[in-house]
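Worksheet: the structure to be examined is printed underneath.
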Amino acid sequence: MPTAVLTYHERAAVQAYVRLLRTVQARLGAPPAADGPPAFLPPSVLADAERALRRAGLNGTEAEFFRLVRDWCGEA
């Protein structure tokens, strides 16, 4: 349960980061493509996360951003 009140942009950045993590986790569990190496991560997922971080003013503020992620998602 979130313990901090996030701004709209902070919440969007955290949600984009969680989507990015879930996409990476899914790719790590996926079998390799038969016709060559697959793209590890769809560029749109990373671009979405980067845009959300910029909008929230969280570029280059990893400690603050990960504090927001922990507050929103918990330690699990």
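The sequence shown begins at 238 in our numbering and counts up one residue at a time. A virtual CB, placed ideally from N, CA and C, is assigned to each residue, including glycine.
Asked, Found
"Simplified DSSP assignment, three categories, for V261", "helix"
"Classification of V207 by the beta-carbon crowding that lies within 10 angstroms, buried from 16 upward", "Absent from the structure is residue 207, since the part of the chain shown begins at 238 and ends at 313."
"Beta-carbon proximity check, R292 vs A249, cutoff 8 Å", "yes"
"Own chain, CB closer than 6 Å to A253, minus 5 neighbours either side, in chain order", "D285, A286, A289"
"Span separating the alpha-carbon of F303 from that of T244", "15 Å"
"Inter-residue spacing [alpha-carbon to alpha-carbon] between L278 and L258", "10 Å"
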